[in-house]
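Q: Once you've had a glance at the structure underneath, I'll fire off some questions.
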Amino acid sequence: MEHPVQHIPSDTTRDRRIVKKKSPYSTGILSITTKDDRIGRLSRNVLIQGSAIDALDLLPDESVQSVVTSPPYWSLRDYDVSMQTGRDESLGAYISDIMLTFRKLQRVLKKDGTVWLNVGDAYTSGNRRYRAPDKKNKARAMSVRPPTPDGLKPKDLIGLPWRMAFALQDDGWWLRSEVIWSKPNAHPESVRDRPTKAHETVFLLSKDKDYYYDVDAVRGPNGRRLRTTWDIRTEPRKRYNGSLDDHPAIMPATLAERCVAMTSRTGDFVLDPYAGSGTTLLAAQDLKRQWVGIELKPAFIDLMQRRLKR
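Under the working numbering, the first residue of the sequence shown carries the number -8, and numbering increases by one thereafter.
Here it is in structure tokens:
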């Protein structure tokens, strides 16, 4: 079996020794919006400004090998842009929006394609209708918060990742693995009646029962096959070129690199329909894959372009 990249260590730092193989595709970036025409054939990296649901209609059938993404979390952040996912929606509407995006992903994914889905859980708001600003993270301020979902009580843990996973499974996706992303440097919490939360969930889903997966692309300690608990530190917020439009929730590079390495080959296209700060695109670029990024907020498009030029 051919392995297109060196093994990526399982520690919390990025491996800069990855073999840089020449990609058969153009290294230029095509930047478009959802008002542009549909792309006939993917042959270069693409950034699309617009909603995931609309932008996916521009991509060719079965053009993407792997999706690595983390949708906006439900009722946790306000990205100050209209039509954003997870802002004013009910829990049911939020899950329905994600499912609609995934139905469109079915079309653009190759038959042996996969999706890595990072989903954060949440607690009910207790019918509080706002969240006060955070001095370090203004995006955590919420002027309006959805009411407690039907069937849940104030202070309940929602179990959102598994609600979404079961909905996608019922919709035809193969649910192949649950990975626990354990955060050694998790932020402290002020709550005093439960343990401090220090993990998130990452699901591996496939379009078909048979799919591309390179089990040897990433190895754990002592060369063992990777387990389902990954200890990866969160990354601090960074500013690029002095801009204030940085991202409040940057995916760790190590997390994205592992996912990209195991479910795509050199030259394949990797997609993030909620690209945010562009970590998935950077991981794909470093591993000599091509990429497609979709992002609703124009300021984050600018941020990604700066990061990708580093």
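Idealized CB from N, CA, C, for every residue including glycine. Values in this document were obtained by computation on a predicted structure and should not be read as measured data.
(1) Roughly how many angstroms separate the alpha carbons of residue 108 and residue 252, rounded to a whole number?
(2) Taking a contact to mean a Cβ-Cβ separation below 8 Å, would you say residue 257 touches residue 263 in this structure?
(3) In three-state terms, what does DSSP make of residue 259?
(4) Pairing CB atoms from the stretch 87 to 107 with CB atoms from the stretch 189 to 209, are three or more of them under 8 Å?
(5) Starting from residue 98, trace the alpha helix (DSSP H) in both directions and tell me its first and last residue.
(6) With a threshold of 8 Å on Cβ separation, who are the neighbours of residue 204 within its own chain once the five nearest residues in sequence on each side are excluded?
(7) Would residue 207 be called buried (16 or more neighbouring beta carbons within 10 Å of its own) or exposed?
(8) So does residue 55 have its beta carbon nearer than 7 Å to some heavy atom of the ligand PLP?
(9) Alpha carbon to alpha carbon, how far is residue 97 from residue 113?
(10) Note the first and the last residue of the continuous beta strand (DSSP E) segment covering residue 60.
(11) Taking three-plus beta-carbon pairs below 8 Å as touching, is the stretch 158 to 177 in contact with the stretch 185 to 194?
(12) Between which two residues does the beta strand (DSSP E) holding residue 285 run?
(13) In angstroms with no decimal places, state the Cα-to-Cα distance between residue 300 and residue 85.
(14) How would you call residue 280, buried or exposed, if buried means at least 16 neighbouring beta carbons within 10 angstroms?
(15) Mapping DSSP to helix, strand and coil, what is residue 220?
(16) I'd like the ranges of any beta strand (DSSP E) spanning at least 3 consecutive residues and lying wholly in the stretch 192 to 216.
(17) Quick one, which of 102, 28, 63, 298 has its alpha-carbon nearest residue 111's?
(18) Per DSSP, what kind of secondary structure is residue 151 in: helix, strand or coil?
(19) Just to confirm, are residue 307 and residue 269 a CB contact at a threshold of 8 Å?
(20) From 23, 54, 171, pick the residue whose C-alpha is nearest to that of residue 42; which is it?
(21) With a threshold of 7 Å on Cβ separation, who are the neighbours of residue 32 within its own chain once the five nearest residues in sequence on each side are excluded?
(22) Classify residue 24 as helix, strand or coil using the three-state DSSP reduction.
(23) Near residue 45, what residues of its chain come up, given a Cβ to Cβ distance below 8 Å and the 5 sequence neighbours on each side ignored?
(24) Quick check: what's the CA-CA separation for residue 17 versus residue 290?
A: Here's the rundown:
(1) The sequence position of residue 108 within the sequence shown is 117, counting from 1. The sequence position of residue 252 within the sequence shown is 261, counting from 1. Cα to Cα, the separation comes out at about 15 Å.
(2) Working through the sequence shown from its first residue, we reach residue 257 at position 266. Working through the sequence shown from its first residue, we reach residue 263 at position 272. No, the Cβ-Cβ distance between residue 257 and residue 263 is not below 8 Å.
(3) Working through the sequence shown from its first residue, we reach residue 259 at position 268. Residue 259 falls in the coil class under three-state DSSP.
(4) yes
(5) Your numbering for residue 98 matches position 107 in the sequence shown. Residue 98 -> alpha helix (DSSP H) spans 82 to 99.
(6) In the sequence shown, residue 204 corresponds to position 213, counting from 1. The answer, listed in chain order, is 105, 253, 254.
(7) The sequence position of residue 207 within the sequence shown is 216, counting from 1. It counts as exposed.
(8) The ligand PLP is not among the ligands present in this structure, which contains no ligands whatsoever.
(9) Walking along the sequence shown from the start, residue 97 turns up at place 106. Walking along the sequence shown from the start, residue 113 turns up at place 122. Going from the Cα of residue 97 to the Cα of residue 113 covers about 27 Å.
(10) Locating residue 60 in the sequence shown gives position 69, counting from the first residue. Taken as a continuous stretch (DSSP letters only), the beta strand (DSSP E) holding residue 60 covers 55 to 60.
(11) yes
(12) In the sequence shown, residue 285 corresponds to position 294, counting from 1. Here the beta strand (DSSP E) through residue 285 covers 281 to 286.
(13) Taking the sequence shown and counting its residues from 1, one reaches residue 300 at position 309. Taking the sequence shown and counting its residues from 1, one reaches residue 85 at position 94. Between residue 300 and residue 85, the C-alpha separation is close to 33 Å.
(14) As a first step, residue 280 is located in the sequence shown; it is residue number 289 there, counting from the start. Counting Cβ neighbours within 10 Å, residue 280 comes out buried, since at least 16 surround it.
(15) Your numbering for residue 220 matches position 229 in the sequence shown. Of the three classes helix, strand and coil, the one that applies to residue 220 here is strand, per DSSP.
(16) none
(17) Locating residue 111 in the sequence shown gives position 120, where the first residue counts as 1. Among 102, 28, 63, 298, the Cα nearest to that of residue 111 is on 63.
(18) Here residue 151 is taken as the residue at index 160 of the sequence shown, counted from 1. Reduced to three states, the DSSP call for residue 151 is helix.
(19) A question about residue 307 goes unanswered here, because the residues of the chain that appear run from -8 up to 301.
(20) Against the sequence shown, residue 42 aligns to sequence position 51. The shortest Cα separation from residue 42 among 23, 54, 171 belongs to 23.
(21) As a first step, residue 32 must be located in the sequence shown, where it is residue number 41. Cβ within range, chain order: 51.
(22) Here residue 24 refers to the residue found at position 33 when the sequence shown is read from its first residue. Strand, per DSSP.
(23) The sequence position of residue 45 within the sequence shown is 54, counting from 1. The answer, listed in chain order, is 25.
(24) Stepping through the sequence shown from its first residue, residue 17 is reached at position 26. Stepping through the sequence shown from its first residue, residue 290 is reached at position 299. Because the pLDDT of residue 17 is 42, which lies under 50, any placement of that residue in the model is unreliable, and the number read from its coordinates should be weighed accordingly. Distance between the alpha carbons of residue 17 and residue 290 is about 25 Å.
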